[in-house]
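Here the structure is laid out as structure tokens; the discussion comes afterwards.
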Amino acid sequence: MASEIRRPKAILFDWDNTLVNNWLAINDALNTTLIAMGQVPWTMEETLGRVRKSLRDSFPEMFGDRWEDAAKIFYERFERAHIEKLRAKDGADEMLEELKQRGFYLAVVSNKTGKYLRKECEHLGWGGYFSHIVGATDAERDKPDPEPLRKALEGSGHALGEDVWYVGDADIDLECANNGACVPVLIREKAPENGEFGDHQPAIHFKSCLELLSLVRTLG
Numbered sequence: 483m484a485s486e487i488r489r490p491k492a493i494l495f496d497w498d499n500t501l502v503n504n505w506l507a508i509n510d511a512l513n514t515t516l517i518a519m520g521q522v523p524w525t526m527e528e529t530l531g532r533v534r535k536s537l538r539d540s541f542p543e544m545f546g547d548r549w550e551d552a553a554k555i556f557y558e559r560f561e562r563a564h565i566e567k568l569r570a571k572d573g574a575d576e577m578l579e580e581l582k583q584r585g586f587y588l589a590v591v592s593n594k595t596g597k598y599l600r601k602e603c604e605h606l607g608w609g610g611y612f613s614h615i616v617g618a619t620d621a622e623r624d625k626p627d628p629e630p631l632r633k634a635l636e637g638s639g640h641a642l643g644e645d646v647w648y649v650g651d652a653d654i655d656l657e658c659a660n661n662g663a664c665v666p667v668l669i670r671e672k673a674p675e676n677g678e679f680g681d682h683q684p685a686i687h688f689k690s691c692l693e694l695l696s697l698v699r700t701l702g
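With our numbering, the residue at position 81 of the sequence shown is 563, and numbering never jumps.
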């Protein structure tokens, strides 16, 4: 596979379920919100399958005119536990450290609200790995719009295109990568099924952070 893949100049990463696991805090805050707003709480499986868009894009759809009240409930609950429940994905730290040493430009693009995203990154001691950490509302529009990808490359000398990988675990990440004309990379244990991602198929699939690192080592 390595002979068919070009060495990227920049690698941009999604955050949740790509580099870290913070779903316990997300599911807890979301269910607190749903119950407070008179709706049925979601199972963890439902949360994993449904949470894709940023809060500013998803909550108006879920809660209508009351979405700002719902957002306050969500953030109050999430802020209490998101650091405590945060866990790095296996191999993520080793991967990031070596990619940085090898001279790759690294950044984060996530639909998690920017201030929480940066707090989590600092808590893990990863601030030095990334040139930009772009969360929801940091750009004019959120994923799957490519604007956050452009913002993540500001000042780097790199432009969106075939020299940039965007690495994520979900359909919205692949769509965002395609919208930005960069290489869509899927990272999750389960291989993509036939037609699973419609028009937004991954160019590369890795089962883990260490598998991504192993492939990059062969690219020089």
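Beta carbons are placed, not taken as given, at the ideal position from N, Cα and C, and that holds for glycine. Model, not experiment: these values are computed from the prediction.
Residue 584 sits in coil when the DSSP states are folded into three classes, being neither helix nor strand. Remark: C-beta atoms of residue 653 and residue 592 do not approach each other more closely than 8 Å.
With a contact defined as Cβ atoms closer than 8 Å, residue 559 and residue 514 qualify at about 4 Å. Taking the CA atoms as reference points, residue 637 sits about 27 Å from residue 538. With three or more CB-CB distances shorter than 8 Å, the region 653 to 663 counts as touching the region 621 to 641. The DSSP assignment places complete beta strand (DSSP E) segments of no fewer than 3 residues inside the region 619 to 700 at 646 to 650, 665 to 669 and 686 to 688, in order along the chain. Boundaries of the beta strand (DSSP E) harbouring residue 494: 492 to 495, taken from the DSSP string. When the Cα atoms are used, residue 489 and residue 695 turn out to be separated by approximately 12 Å. If you look at residue 538, you'll find it in the alpha helix (DSSP H) that goes 537 to 545. Each of 554, 594, 573 and 543 was checked against the Cα of residue 496, and the nearest Cα belongs to 594.
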